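First the structure, in the form of structure tokens, and then the observations on it.
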Amino acid sequence: MFFSRVGQSVAPRRGILLALSVVAPALVLSACMSSEKDVNLSTYVDQTEPADVLYNQGLANMNAGRLDEASKKFDAVDRQHPYSEFARKSMVMGAFADYRAGNYDEAIGTAKRYLTLYPSTDEAAYAQYIIGLSYYRQIKDVTQDQKEARQTIQTMQDLVTRWPTSEYVGDAKDKIRFANDQLAGKEMQIGRYYLERRDYIAAVKRFRTVVENYSNTRHVEEALARLTESYYAMGLTSEAQTAAAVLGNNYPDSQWYKDSYKLLQSNGLAPRENAGSWISKAGKLITGA
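In mature numbering (1 follows the signal peptide of the UniProt record, and there is no 0), the protein residues as written are -30 to -1, 1 to 259.
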């Protein structure tokens, strides 16, 4: 009885196996055909190309102005041939391509990664320069936050300090001067806001920051005049006279000095420097814009 039942069960199983043996190859073939249809042939070819070919394709795309394509090619070198010589070069060129395309966050990220992996190579200064340029291009007008100006200064100053003989140092210093001018302009904007509302203490704080920290910007001239105005309004005539005197010593032909002189003269006063004042000490650092 037992064997009978077993025997009865064998035949169906053999039938099933036979059917599967016929169907399975068809399913496999169908799956292969389906997967072949889904394959991105350009990606497949791209993944099998040598590093030098991909790198040169990236250069060609960049020279032709196809920056996004160039970036993809350089990324492919880094991804498919990591730690190779071409991968190292591609990382820098990819950062530059992203910078040129306005993809600043990507450029900064790639350049920072390069500096982490290859801090002592010849291209390290260039990678640092790309980071600085990417921040610089994002600097906003003085009515907005100046985070990017501060980042520009820090990045470019690091370049000047770490690679003092680099060919990028000259432009880095120019970018630092511009960013400092932006920060000074922001302080002046806030200072004028407080001055208009007769919050003289808050205004003086902002103008003092410009004189002490941004003495080589174009804003220091106005800052001294505003200090004269603020101190005069507060009744601190000695400080007002000192601010006007320092302004006259550095910018004798300035309209700001003429206005400050006229303000003091309206009350029988004249510019007179108090050597013990912070303004007098800060004035010795003024170099002009």
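We put the beta carbon where it would ideally sit given N, CA and C, even for glycine.
Predicted model, so just to flag it, every value in this text is computed and none were measured.
Exercise. Would you mind reading off the limits of the alpha helix (DSSP H) that contains Gly79?
Key: Unbroken alpha helix (DSSP H) run through Gly79: Tyr74 to Leu87.
Quiz item: Do Ser247 and Ser208 have their C-beta atoms closer together than 9 Å?
Solution: Cβ distance < 9 Å, so Ser247 and Ser208 count as in contact.
Quiz prompt | alpha helix (DSSP H) runs wholly inside the region 219 to 251, at least 4 long, in chain order | solution = Entirely contained in the region 219 to 251, the alpha helix (DSSP H) runs reaching 4 residues are, in chain order, 225 to 235.
Quiz item: When we look at the beta-carbon of Gln235 and count the other beta-carbons within 10 Å, is it buried (16 or more) or exposed?
Solution: Classification for Gln235: exposed.
Quiz item: Can you tell me whether DSSP reads Leu255 as helix, strand or coil?
Solution: DSSP places Leu255 outside both helix and strand once states are collapsed to three, so it counts as coil.
Exercise. Please name the residue in Gly72, Tyr105, Ala67 and Glu19 whose C-alpha comes closest to that of Arg49.
Key: Ranked by Cα distance from Arg49, the options Gly72, Tyr105, Ala67 and Glu19 are led by Glu19.
Quiz item: Is Ala77 closer than 9 Å to Ala94 when the C-beta atoms are compared?
Solution: In this structure, Ala94 keeps its C-beta atom at 9 Å or more from the C-beta atom of Ala77.
Quiz prompt | Gly218 to Gly35 span [Cα, whole Å] | solution = For Gly218 and Gly35, the gap between their C-alpha atoms comes out near 52 Å.
Quiz item: What are the boundary residues of the alpha helix (DSSP H) that Val139 is part of?
Solution: Start and end: Val139 to Glu166.
Practice problem: Just the C-alpha distance for Gly28 and Ser60, rounded to the nearest angstrom, thanks. | Solution: Annotation: Gly28 to Ser60 spans about 8 Å, alpha carbon to alpha carbon.
Quiz item: Got a sec: does the ligand MG put a non-hydrogen atom nearer than 8 Å to the Cβ of Asp75?
Solution: The ligand MG is absent from the structure shown, which contains no ligands of any kind.
Quiz item: What three-state label does DSSP hand Thr212 in the structure shown?
Solution: Helix.
Quiz item: What are the boundary residues of the alpha helix (DSSP H) that Lys59 is part of?
Solution: Glu55 to Arg70 is the extent of the alpha helix (DSSP H) around Lys59.
Quiz item: In angstroms, rounded to a whole number, what distance separates the CA positions of Asn237 and Ala213?
Solution: Rounded to whole angstroms, Asn237 to Ala213 spans 16 Å at the Cα level.
Quiz item: In this structure, does DSSP put Arg36 in helix, strand or coil?
Solution: In the three-state reduction of the DSSP assignment, Arg36 falls in the coil class.
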